[in-house]
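> Residue numbers (this note's numbering): 2 to 145. Beta carbons are placed, not taken as given, at the ideal position from N, Cα and C, and that holds for glycine. Structure incoming, see below.
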């Protein structure tokens with residue numbers, strides 16, 4: 002897991018090609034690691050509005066220890082808000098609480114955002130019915 006405590010995500014992504022994912026697409030990214038590596042991706046960071054302990058436990062439960070996936074918590078939604086990826090739809094907020102991130106995939110190269118795919122629709126703000134834009138194939142297609 003990256004040590005991102007009080008660190009700058011832009012600096013962390015320097016000199017690499019990284020995909021940052023606003024969950025919950027973990028199995029898809031584990032399955033598509035070879036394709037991501039072939040596209041030049043060095044690391045996939047699974048980000049969620051949770052603390053580091055929760056993210057570490059989640060990584061362990063998903064058995065991602067030997068994968069290219071890292072888990073990063075955004076406990077106060079600072080990164081989520083800075084990226085304008087905060088879920089603001091009233092219905093989901095009533096269920097999930099405020100400050101949650103949208104379902105997204107972002108390609109970052111050398112600390113610069115190259116692409117952002119968000120799975121959301123007017124009638125489905127969480128992208129549950131069609132998360133394809135933020136799945137591995139979705140961001141890989143955008144990267145081409």
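Report the residue from 40, 37 and 75 whose alpha carbon sits nearest the alpha carbon of residue 55.
Here the closest residue by C-alpha is 75.
> Is the segment 66-73 touching the segment 92-106, taking contact as three or more C-beta pairs under 8 Å?
They do not touch, by the three-pair rule.
> For residue 89, tell me which candidate among 127, 19 and 16 has the shortest Cα-Cα distance.
Closest option to residue 89, Cα to Cα, is 127.
> From what residue to what residue does the beta strand (DSSP E) around residue 96 run?
Not the beta strand (DSSP E): residue 96 falls in the alpha helix (DSSP H), residues 91-97.
> Would residue 125 pass as a contact of residue 15 if the rule is Cβ separation under 7 Å?
It is not a contact, given that the beta carbons lie outside the stated cut-off.
> Below 6 Å CB to CB, which residues in the same chain sit around residue 65 once its five sequence neighbours on both sides are set aside?
Excluding positions up to five away in sequence, the list is empty.
> Sorted by chain position, which residues of the same chain lie with C-beta nearer than 7 Å to residue 44's C-beta, five sequence neighbours on each side aside?
Result list for residue 44: 17, 19, 69 and 71, in chain order.
> Would you check if there are 3 or more beta carbon pairs closer than 8 Å linking the segment 127-139 to the segment 22-38?
Enough Cβ pairs lie closer than 8 Å, so yes.
> Pick out whichever of 107, 67, 95 and 92 has its Cα sitting closest to the Cα of residue 86.
Cα-wise, what sits closest to residue 86 is 107.
> Kindly indicate the opening and closing residues of the beta strand (DSSP E) around residue 116.
Per DSSP, residue 116 belongs to the beta strand (DSSP E) from 113-119.
> Would you identify the three-state DSSP class for residue 139, choosing helix, strand or coil?
DSSP places residue 139 in helix when its eight states are reduced to three.
> Of all the beta strand (DSSP E) runs that stay within the bounds of the segment 13-73, which reach a length of 3 or more residues?
The segment 13-73 contains these whole beta strand (DSSP E) runs: 18-23 and 44-49.
> Tell whether a beta-carbon distance below 7 Å holds between residue 103 and residue 119.
Yes, they are a contact pair.
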